Amino acid sequence: MLGKDKNKKEQVIFFSMEDFVPKDHLLRKIESAVDFSYIYNIVDDLYCHDNCRQA
Numbered sequence: 064m065l066g067k068d069k070n071k072k073e074q075v076i077f078f079s080m081e082d083f084v085p086k087d088h089l090l091r092k093i094e095s096a097v098d099f100s101y102i103y104n105i106v107d108d109l110y111c112h113d114n115c116r117q118a
């Protein structure tokens, strides 16, 4: 018989990627120097607009 583990605690954790990438990281410098917005138009047809997953 399947049952719920009473010792298992479920929780939701919210975090921001900003908290994990150091302020002086190379990727931050690249992001500020290069405009990547054109990529959205290129990959638009590859993703489902209802749930953001690959189509």
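In the working numbering, the protein residues as written are 64 to 118.
Where a beta carbon is used, it is the ideal one built from N, C-alpha and C, also for glycine.
Please read these numbers as outputs of a predicted model, since none were measured by experiment.
### Task
State the Cα-Cα distance for the pair I105 and K71, rounded to the nearest angstrom.
Within the sequence shown, numbered from 1, the residue matching residue 105 stands at position 42. Within the sequence shown, numbered from 1, the residue matching residue 71 stands at position 8. Approximately 43 Å, taken between the alpha carbons.
### Task
In angstroms with no decimal places, state the Cα-to-Cα distance between E81 and I102.
Indexing the sequence shown from 1 puts residue 81 at position 18. Indexing the sequence shown from 1 puts residue 102 at position 39. Their backbone Cα atoms lie some 21 Å apart in a straight line.
### Query
The alpha helix (DSSP H) with S95 in it runs from where to where?
Looking up residue 95 in the sequence shown gives position 32. Counting along the chain, the alpha helix (DSSP H) containing S95 begins and ends at L89 to A96.
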